[in-house]
Amino acid sequence: MRQVAAIMAGGRGERFWPLSRQSCPKQFLPLISEKTMLQETVGRLAPLLGPEDIYVVTGAQYAARVAEQLPDLPRENIILEPEGRDTAPCIALTAAYLAHRYPGEDAVLAVLPADHLITKPDLFRQILAGAFALAAAEPVLVTIGMSPSRPETGYGYIKCGEKVPWSGRHFVYRVQRFTEKPDRAAAEAFLKEGGYLWNSGMFVWRLSTLREAFQRHLPEVAAALPTLTAACGGPAEALAATFHSLPRISIDYGVMEKADNVYVIPGDFGWDDVGTWSALARLLTADADENVTIVNAPAAHGAAAVQEPILLGSKRCVVSGNGRLVAALGVEDLIIVDTDDALLICRRGQEQNLKSVLEQLRRDHRTAYL
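If you're matching positions, the sequence shown starts at 925 in the working numbering and goes up one per residue.
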């Protein structure tokens, strides 16, 4: 049975503004290493999957950037979304494209985010191989969950139900319920109670199982799949019209939270969604005062080499420069991001509110900064 992976790379990475922009969002930036987040994601799939079985789903405006960053990826493996309509339509388009390309085949599909960190790639591949096997053997929806290490309010949670034997030393759980991002009190209660995992946004299923799930829980998507499949081989306008008719909804809300055939595999392989600037303080080497400097990111924009910041009497700051020298004196718990045309100064922990800055820019018609 064919095994393929689709990497969702159409997000805007707004919580990494002003470095992440519409022209070059987070997944195309080298935030953790010299490679971009997308390159890291594709690279750790080898040797489990070859380039011919890896797909990247992204917007048309990023097609050239994907091709540049992934020269070994076949160009026909870049699936272009006509517009951003959340993850359920994105996954439906992927299923339609695979049905068009491999008619009659019931492939096993893994859906993965493009911009997450995994520090134990060997274990990741082992877990993913097991998820492929489980989805191939049973008509189930498989997700991968992470053991929570803190009362995180930025992640969704999965409540584990019945424990089910699995191959080797591993095991899976039937999912009892999903909980979207909780408040602090609820997150602390989850950790105290136990039996919860973080929702990583990684899913594995057979195409036939996915179609059945759409039929049960998002029938309007299921009804559009044949037309969407046919449109994959036709004019772009027809594909865009069908895609636009799909509801704007996540696969979590639309399918996973409603389905009763969902299993979760614990996968503690050093995962982090790198969702905010503050996350980098957990992941990168800090100085004696817990300050973190981002040294690779500006290279994505062709900027000059980053100058080491001067941080005197400053603690727990995250600093990303853009060629110019950044100096901070006697400040604490700040995020400082300097780019060619914008400077962000933000209290750590407030990045969740960066969307309000972008909304203000839209209201003011200053779209050049988006």
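Where a beta carbon is used, it is the ideal one built from N, C-alpha and C, also for glycine.
Inter-residue Cα distance where the pair is residue i and residue j
| i | j | result |
| --- | --- | --- |
| Ala1205 | Ala1023 | 42 Å |
| Ala1164 | Glu1007 | 8 Å |
| Lys1044 | Leu1294 | 34 Å |
| Cys1014 | Ala1266 | 32 Å |
| Glu1086 | Gly1125 | 21 Å |
| Ala1296 | Val1198 | The structure shown does not extend to residue 1296, since the chain spans only 925 to 1294, so no value can be given for it. |
| Leu972 | Thr1217 | 34 Å |
| Ala1223 | Leu1208 | Reliability of the predicted coordinates at Ala1223 is poor, the pLDDT of 43 falling under 50, and no value is obtained from them. |
| Val1099 | Leu1235 | 47 Å |
| Leu1253 | Ala1203 | 23 Å |
| Pro1027 | Thr1153 | 10 Å |
| Lys1239 | Asn1215 | 6 Å |
| Pro1150 | Leu1115 | 43 Å |
| His1225 | His1141 | Unreliable placement is indicated for His1225, whose pLDDT of 46 sits below 50; no coordinate value is reported for it. |
| Cys1270 | Glu992 | 33 Å |
| Ile1051 | Ile1189 | 8 Å |
| Pro998 | Ser1169 | 29 Å |
| Ala1059 | Pro1233 | 49 Å |
| Gln985 | Val1250 | 32 Å |
| Phe1127 | Leu1065 | 7 Å |
| Gly1237 | Ile1259 | 15 Å |
| Thr1166 | Ala988 | 24 Å |
| Leu1047 | Pro1171 | 36 Å |
| Ser1174 | Ala1210 | 36 Å |
| Trp1090 | Cys1084 | 15 Å |
| Cys1241 | Thr1200 | 13 Å |
Cβ neighbours of residue i in the same chain (closer than 7 Å, five flanking residues each side left out)
| i | result |
| --- | --- |
| Gln1139 | Ala1146 |
| Ala1221 | Note that Ala1221 scores a pLDDT of 48, beneath 50, so its modelled location is shaky and nothing firm can be said. |
| Ala1111 | Pro1075, Glu1076 and Thr1077 |
| Ala1020 | Leu1149, Leu1152, Thr1153 and Cys1156 |
Cut-off 6 Å between Cβ atoms - residues of its own chain near residue i, not counting five sequence neighbours on either side
| i | result |
| --- | --- |
| Leu1268 | Pro942 and Val1261 |
| Thr1103 | Tyr1081 |
| Ala1055 | Val1066, Val1128 and Ile1189 |
| Pro975 | Asp996 and Leu997 |
| Gly983 | Gly934 and Glu1005 |
| Asp1213 | Lys1239 |
Own chain residues within Cβ distance below 8 Å of residue i, not counting five before or after
| i | result |
| --- | --- |
| Pro1063 | Arg1130, Ser1132, Thr1133, Glu1136 and Asn1185 |
| Leu1285 | Thr1291, Tyr1293 and Leu1294 |
| Lys1105 | Thr1077, Gly1078, Tyr1079 and Gly1080 |
| Arg926 | Asp977, Tyr1026, Glu1029, Ala1031 and Val1032 |
Which of helix, strand or coil DSSP assigns to residue i
| i | result |
| --- | --- |
| Arg1271 | strand |
| Met1180 | helix |
| Tyr1021 | helix |
| Leu1207 | helix |
| Phe1095 | strand |
| Asp1046 | helix |
| Ala1252 | strand |
| Asn1277 | helix |
| Ile956 | coil |
| Arg1101 | strand |
| Met932 | strand |
| Glu1112 | helix |
| Leu1294 | coil |
| Leu1121 | strand |
| Phe1166 | The residue asked about is misnamed: residue 1166 is Thr in this sequence, not Phe. Three-state result, Thr1166: helix. |
| Glu1161 | helix |
| Leu1282 | helix |
| Ala1034 | strand |
| Cys1014 | helix |
| Leu1364 | The shown model of the chain, from 925 to 1294, leaves out residue 1364, and the question about it has no answer. |
| Met1126 | strand |
| Gln951 | helix |
| Ile1173 | coil |
| Gln963 | helix |
| Glu1086 | strand |
Residue i: CB within 7 Å of a non-hydrogen atom of the ligand PLP
| i | result |
| --- | --- |
| Val1088 | What this structure holds is no ligand at all, so the ligand PLP is not there to describe. |
Closer than 8 Å to chain C by CB, residue i
| i | result |
| --- | --- |
| Ser1124 | Absence of chain C from the displayed structure is noted, only one protein chain being present. |
Inside the stretch 1128–1155 only - alpha helix (DSSP H) runs reaching at least 4 residues:
If only uninterrupted alpha helix (DSSP H) runs of at least 4 residues are considered, those enclosed by the stretch 1128–1155 are 1131–1141 and 1143–1155.
Counting Cβ pairs, one atom from each stretch, are 3 or more of them under 8 Å apart for the stretch 932–943 and the stretch 1265–1285?
Remark: three or more beta-carbon pairs, one from each stretch, lie closer than 8 Å, so the stretch 932–943 and the stretch 1265–1285 are flagged as touching.
Which runs of the alpha helix (DSSP H) fall wholly inside the stretch 966–1010 and span at least 4 residues, in chain order?
Within the stretch 966–1010, the alpha helix (DSSP H) runs of at least 4 residues that lie entirely inside it are, in chain order, 987–993.
Are there three or more Cβ pairs, one per stretch, closer than 8 Å when the stretch 948–964 is compared with the stretch 1038–1049?
The stretch 948–964 vs the stretch 1038–1049: in contact.
Quick check for students: name the residue ranges of the beta strand (DSSP E) that lie wholly in the stretch 1049–1080, counting only runs of 3 or more.
Within the stretch 1049–1080, the complete beta strand (DSSP E) runs of at least 3 residues fall at 1065–1070.
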